[in-house]
Amino acid sequence: LQRLIGIEFTCGENALEKRTQYVFSAFNKIQQSETVIRASNISARSISELKFESTLNQNNRTLQNSILQQRLRLEIENQKLQNDIEKELIRQQISNPSGAFQHRRNPQ
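Have a look at this one:
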């Protein structure tokens, strides 16, 4: 306090007040700017996170669609194979009606 009084005495009356009248408002502006920058960074990060989640969701949907298509192809292929086997069995029955259901006995 003595030092401040000495400066005031040396520089003249109200010298400190005149020299520091803008310090508080400048400090507030700096604080506000930092707050705006922080809010902007948070917003930018939130936007980036939303874009990432959107891309991730799109990739998940694409993967699910691919899996569904693969399952459908497998079901169609299995049905075709089953139909082919049934046709072959019917063909064998037609070409050999008496032996189609006979089982071979193993000689003992």
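In terms of our numbering, the sequence shown has 64 at position 6, counting the first letter as 1, and numbering is strictly consecutive. For each residue, glycine too, the CB sits at the ideal point set by N, CA and C.
Arg61 and Glu75 have their alpha carbons spaced roughly 15 Å apart. In this structure, the alpha-carbon of Glu133 lies about 24 Å from that of Asn117.
Here the alpha carbons of Arg131 and Ile152 stand approximately 31 Å from one another.
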